[in-house]
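Residues -16 to 95, numbered by the working numbering, are exactly what the sequence shown covers, in order. For each residue, glycine too, the CB sits at the ideal point set by N, CA and C. Reviewing the structure listed below.
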Amino acid sequence: MKNKDTKEMIEYSYYRKFNALQGYFIKNFDIQNCEKLRITKSNIQHLHWILNELKYSPEKAEQMLPVYQGPFFGSYEYDNIYRNHVQQATQDIYNAQFIDFNKYHLYFTSNW
């Protein structure tokens, strides 16, 4: 997250080895390694809808937010680790809807 006035970068949330989230951004935004993608409120709302759906219907994971194969990307199972990532991301993305987008830009970036 970047303060528009001060240009200060603030880490909003951090995910380690949540390959399905990485795959979501690669598939939907063609983001490459080390690129920074500015996320809109609309992007957040769509991602929250997906995550919330998976929180209550985990059997839809393979269809809605599939694991993503890659180097050093952790587990490729739809197991407790996957569900914990979904639960954390659901909460973080829900709260991101309330960021003051007049004051901050929100970004997704990764380094793999």
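What residue from His88, Pro54, Gln74 has the CA that sits closest to Gln5's CA?
Pro54
What are the start and end residues of the alpha helix (DSSP H) that includes Tyr87?
Taken as a continuous stretch (DSSP letters only), Tyr87 belongs to no alpha helix (DSSP H), being part of the beta strand (DSSP E) at 87 to 92.
Decide if the segment -12 to 8 is in contact with the segment 62 to 71; the criterion is three or more beta carbon pairs, one per stretch, under 8 angstroms apart.
yes
Cβ-Cβ distance between Ala79 and Ile9 below 8 angstroms:
no
With 16 as the cutoff for other CB atoms within 10 Å, does Tyr65 come out buried or exposed?
buried
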